[in-house]
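Chemist: Dropping a structure here in structure tokens format, bear with me for questions.
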Amino acid sequence: MEQINGSLQMEYALLFTFLEASSDCKFRDQLHSLQSQQIMLCQGNDDDELQTDGNRSGHFQNGELGLAPTNEDVIRIIAAQLAEIGDQLDKDIQGRVVNDLVQHFLNENLSREEITLHMSRAVRELTRSIPSDMEQEKAMLVLAMLLTKKIVNTVPSLLHHVFNTTLNYMNQQFHNYIVEMLGE
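Going by my numbering, the first residue of the sequence shown is number 78, and it counts up by one from there.
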């Protein structure tokens, strides 16, 4: 399993909190075990880079997300707002889209890049059906996280694979948007 580094920290916190705040999340127990495993991995790594203030960069500390308390609060608020939007959009996502993505995640012959391309394509297609008054990047971000929830609700054993793929997708596609949104 990959470790969370500083550049994925905000994405991890946002995705985790989004899933935690979403209604109809059938895998909350597994989600918390994912967090426990990530915390143990991150705390067990002695190769962390020290920042000039003496803190470790981008890692969990004391069971928290590893962000300053005000940042954690901001992430919780924004994730809850995005989860509400996701709950409203949930009914618009056809089972076919989710089932197609589940099959891609189950296909061991596909690379992470190929799976990410399939996810990106699904997000773009779904974005066309979103009300046009919503900011495009926000809609795409919510849809990516919502698809994660729906895929894992369908096949809970895919949690780690889907979570990590979505994390990387969010980092590649929305990192600057997330930084702006969180006011970093």
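Ideal placement from N, C-alpha and C gives every residue a C-beta, glycine not left out. Source: prediction; values computed, not measured.
With 8 Å set as the bound, which would you pick, yes or no: does the beta-carbon of Ser100 sit closer than that to a beta-carbon of chain C?
Modeler: Note that chain C does not occur in the displayed structure, where there is just one protein chain.
Chemist: In the DSSP assignment, the alpha helix (DSSP H) including Leu183 goes from what residue to what residue?
Modeler: Walking along the sequence shown from the start, residue 183 turns up at place 106. Leu183 -> alpha helix (DSSP H) spans 172-183.
Chemist: Taking the Cβ atom as the reference point for each residue, do Leu259 and Asn148 lie within a distance shorter than 8 Å?
Modeler: Stepping through the sequence shown from its first residue, residue 259 is reached at position 182. Stepping through the sequence shown from its first residue, residue 148 is reached at position 71. Yes, the pair counts as a contact, with Cβ atoms nearer than the cut-off.
Chemist: Since Glu88 and Leu244 are thought to touch, with beta carbons under 8 Å apart, how far apart are those beta carbons, to the nearest angstrom?
Modeler: Start at 1 with the first residue of the sequence shown, and residue 88 comes out as number 11. Start at 1 with the first residue of the sequence shown, and residue 244 comes out as number 167. Right, their Cβ atoms sit about 5 Å apart.
Chemist: Are the Cβ atoms of Pro208 and Phe104 separated by less than 8 Å?
Modeler: Numbered from 1 along the sequence shown, position 131 holds the residue referred to as residue 208. Numbered from 1 along the sequence shown, position 27 holds the residue referred to as residue 104. No, they are not a contact pair.
Chemist: Note down, in chain order, each residue of its chain lying with its Cβ closer than 7 Å to the Cβ of Ile162, except the 5 sequence neighbours on either side.
Modeler: Here the question's residue 162 lines up with position 85 in the sequence shown. Closer than 7 Å at the Cβ level, and outside the excluded window around Ile162, lie Val219.
Chemist: Below 8 Å, how does it come out for the region 173-182 and the region 223-242: are there three or more Cβ pairs, yes or no?
Modeler: Touching, yes.
Chemist: Take Tyr254 and list the residues in its own chain whose beta-carbon comes closer than 6 Å to its own, dropping the five residues that flank it on each side.
Modeler: Position 177 of the sequence shown, counting from 1, holds the residue named residue 254. Hits under 6 Å: Glu214.
Chemist: Quick one: measure Cβ to Cβ for Leu92 and Phe240, integer angstroms, because I've assumed they're closer than 8 Å.
Modeler: As a working note, residue 92 is residue 15 in the sequence shown. As a working note, residue 240 is residue 163 in the sequence shown. Contact flag correct, Cβ pair sits at about 7 Å.
Chemist: Starting from Lys215, trace the alpha helix (DSSP H) both ways and give me its first and last residue.
Modeler: Along the sequence shown, one-based indexing puts residue 215 at 138. Run containing Lys215: 213-231, per the alpha helix (DSSP H) assignment.
Chemist: Assuming Leu223 contacts Leu166 (C-beta within less than 8 Å), just tell me the rounded distance between them.
Modeler: Here residue 223 is taken as the residue at index 146 of the sequence shown, counted from 1. Here residue 166 is taken as the residue at index 89 of the sequence shown, counted from 1. Right, their Cβ atoms sit about 6 Å apart.
Chemist: Assuming contact is defined by CB atoms lying nearer than 8 Å, are Leu236 and Leu111 in contact in what I supplied?
Modeler: What you label residue 236 is simply residue 159 of the sequence shown in a count that begins at 1. What you label residue 111 is simply residue 34 of the sequence shown in a count that begins at 1. Cβ distance < 8 Å, so Leu236 and Leu111 count as in contact.
Chemist: If you run the structure through DSSP and keep just helix, strand and coil, what is Gly163?
Modeler: The residue you call residue 163 lines up with position 86 of the sequence shown. Here Gly163 sits in helix by DSSP.
Chemist: My output table needs one value for Leu187: the three-state DSSP class, helix, strand or coil.
Modeler: As a working mapping, residue 187 is identified with position 110 in the sequence shown. The answer is coil: DSSP assigns Leu187 none of H, G, I, E or B.
Chemist: Tell me which residue opens and which closes the alpha helix (DSSP H) that Ile19 is part of.
Modeler: The chain is shown from 78 up to 261; residue 19 falls before or after that span and cannot be answered.
Chemist: Can you tell me which of the three DSSP states Phe93 falls into?
Modeler: As a position in the sequence shown, residue 93 is number 16, starting the count at 1. It is helical.
Chemist: How long is the line joining the alpha carbons of Gln171 and Glu190, rounded to whole angstroms?
Modeler: Counting from 1 along the sequence shown, the entry for residue 171 is found at position 94. Counting from 1 along the sequence shown, the entry for residue 190 is found at position 113. Those two C-alpha atoms are separated by around 24 Å.
Chemist: May I have the straight-line CA-CA distance separating Ile152 from Asn186, to the nearest angstrom?
Modeler: Your numbering for residue 152 matches position 75 in the sequence shown. Your numbering for residue 186 matches position 109 in the sequence shown. Near 35 Å, if we compare the C-alpha coordinates of Asn186 and Ile152.
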